[in-house]
Amino acid sequence: MHSNRPLDPGQRTFKVVILGDTGVGKTCLAARLNNKDAPIPHNPTIGLDFTACAVTVDGETVRANIWDTAGQERFNSLLPAYCRAAQGAIFVFDLTDLRTFLSLDRCLHNASVTLPDDACKLVVGNKRDLADTGWRAVTSNMGEEFAANIEANYVEISVLQDDDVRIVLKDLIREIVSKSSQSEHFGRIHLGGQLPHVSGRPIPEKKKCCL
Ligand SMILES: Nc1nc2c(ncn2[C@@H]2O[C@H](COP(=O)(O)OP(=O)(O)OP(=O)(O)O)[C@@H](O)[C@H]2O)c(=O)[nH]1
Ligand SMILES: [Mg+2]
Numbered sequence: 001m002h003s004n005r006p007l008d009p010g011q012r013t014f015k016v017v018i019l020g021d022t023g024v025g026k027t028c029l030a031a032r033l034n035n036k037d038a039p040i041p042h043n044p045t046i047g048l049d050f051t052a053c054a055v056t057v058d059g060e061t062v063r064a065n066i067w068d069t070a071g072q073e074r075f076n077s078l079l080p081a082y083c084r085a086a087q088g089a090i091f092v093f094d095l096t097d098l099r100t101f102l103s104l105d106r107c108l109h110n111a112s113v114t115l116p117d118d119a120c121k122l123v124v125g126n127k128r129d130l131a132d133t134g135w136r137a138v139t140s141n142m143g144e145e146f147a148a149n150i151e152a153n154y155v156e157i158s159v160l161q162d163d164d165v166r167i168v169l170k171d172l173i174r175e176i177v178s179k180s181s182q183s184e185h186f187g188r189i190h191l192g193g194q195l196p197h198v199s200g201r202p203i204p205e206k207k208k209c210c211l
């Protein structure tokens with residue numbers, strides 16, 4: 001991954017949103033993905049921050065546009081606008097704070113209003129450094145189970161202390177690149193998450209919303 005290399009406008013570009021409660025480490029993660037130092041004091045994000053980095057997977061360098069969302073409750077209503085047409089979503093919680101894990105349900109609910117049905121998802125349990133010193137409030141099993149339910153991968157990291165947290169993005173981007181190579185419609189179809197599948201028959205084309 002070469003996040004400090006100039007970005008080529010001709011590169012394939014993918015959108016990845018980072019979601020989760022306030023204080024879980026989303027902005028620190030976005031900073032480290034972009035090879036910058038993570039901010040140590042918690043300055044809550046207002047609305048949205050944006051960063052971009054180049055990621056090389058299997059010989060191809062693509063551009064990842066990272067949307068770092070605000071976790072404070074007052075910004076919840078903005079999530080659907082931010083998740084629209086994202087090919088990837090990273091759901092972050094704090095391993096030492098059960099409340100932030102439980103709030104992922106609400107986060108997922110808000111995101112699913114516009115997040116494409118086939119978007120690649122990753123669940124990140126952050127602050128493993130604190131969890132490892134006796135402050136763990138969410139077990140690995142709980143994280144894995146939640147991730148499995150939404151067909152996501154699960155990792156536990158310390159954004160502040162791990163040497164290379166960018167491996168997290170690289171794995172997600174590899175999955176996105178692979179899916180987008182398989183289907184030109186990848187990341188474009190959103191059925192609202194609410195429409196029932198009637199006896200396994202495909203939903204008529206006119207009900208699909210292309211974003
Ligand atoms: N010990 C420890 N602290 C961390 C870690 N990651 C983030 N923090 C701290 O957690 C606090 C919040 O981090 P932010 O990245 O600002 O949190 P956020 O999720 O962006 O919060 P909002 O913008 O309000 O949604 C900061 O004080 C960070 O230094 C970690 O892995 N370990
Ligand atoms: Mg933030």
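Taking UniProt numbering, the leading residue of the sequence shown gets 1, the next gets one more, and so forth.
Just so you know, even glycine gets a beta-carbon here, dropped at the ideal spot from N, CA and C.
Best match in the options for proximity to residue i [C-alpha to C-alpha]
i: I150; options: A30, A131, L122, W67; result: L122
i: F186; options: A81, A86, C28, A52; result: A86
i: A31; options: S181, Q182, V159; result: V159
i: P39; options: A70, L29, V16, E60; result: L29
i: L169; options: V124, L79, P44; result: V124
i: A70; options: D105, P44, A89, D8; result: P44
i: Q11; options: A137, N65, T27, I18; result: N65
i: T114; options: L95, F93, D132, A89; result: A89
i: D58; options: E184, E175, S183; result: E175
i: K36; options: T96, D164, S183; result: D164
i: D117; options: R84, D162, A137, G134; result: R84
i: V62; options: Q182, S183, V177; result: V177
i: Q72; options: Q161, V24, V138; result: V24
i: P41; options: C107, K26, A54; result: K26
i: residue 212; options: E144, R74, T96, A152; result: What the structure shows of the chain is the stretch from 1 to 211, and residue 212 is not part of that stretch, so it cannot be assessed.
i: D94; options: T139, I173, S181; result: T139
i: S77; options: V92, V55, N110; result: N110
i: R128; options: S112, I18, D97, K179; result: D97
i: S112; options: G134, A147, P80; result: P80
i: D68; options: F91, R74, A54, T56; result: F91
Closer than 8 Å: residue i CB and nearest ligand 2 heavy atom
i: P41; result: no
i: A38; result: no
i: G71; result: yes
i: residue 268; result: Coverage of the chain is limited to positions 1 through 211, which leaves residue 268 absent and any answer about it impossible.
i: D97; result: no
i: T45; result: yes
i: D162; result: no
i: D21; result: no
i: D68; result: yes
Residue i: CB within 8 Å of a non-hydrogen atom of ligand 1
i: V24; result: yes
i: I90; result: no
i: T51; result: no
i: K121; result: no
i: L130; result: yes
i: N126; result: yes
i: S77; result: no
i: residue 229; result: In this structure the chain extends from 1 to 211, so residue 229 is not present and cannot be described.
i: S158; result: yes
Terminal residues of the beta strand (DSSP E) in which residue i lies
i: D164; result: Per DSSP, D164 belongs to no beta strand (DSSP E) and is neither H nor E.
i: N76; result: Segment: none, N76 is in no beta strand (DSSP E) and carries neither H nor E.
i: R63; result: 60-69
i: E156; result: 153-156
i: K127; result: Element bounds for K127: n/a, residue is neither H nor E.
i: T13; result: 13-19
Host alpha helix (DSSP H) of residue i (start-end)
i: D105; result: 104-111
i: N43; result: That residue, N43, is in no alpha helix (DSSP H); it is neither H nor E in DSSP.
i: F146; result: 140-149
i: T27; result: 26-33
Residue i CB to nearest heavy atom of ligand 3 below 8 Å
i: I167; result: Looking for ligand 3 in the displayed structure turns up nothing; the ligands present are ligand 1 and ligand 2.
> Any contact of the region 41-58 with the region 100-111, i.e. 3+ C-beta pairs under 8 Å?
Replying inline: Contact between the region 41-58 and the region 100-111 is not established, with fewer than three Cβ pairs separated by less than 8 Å.
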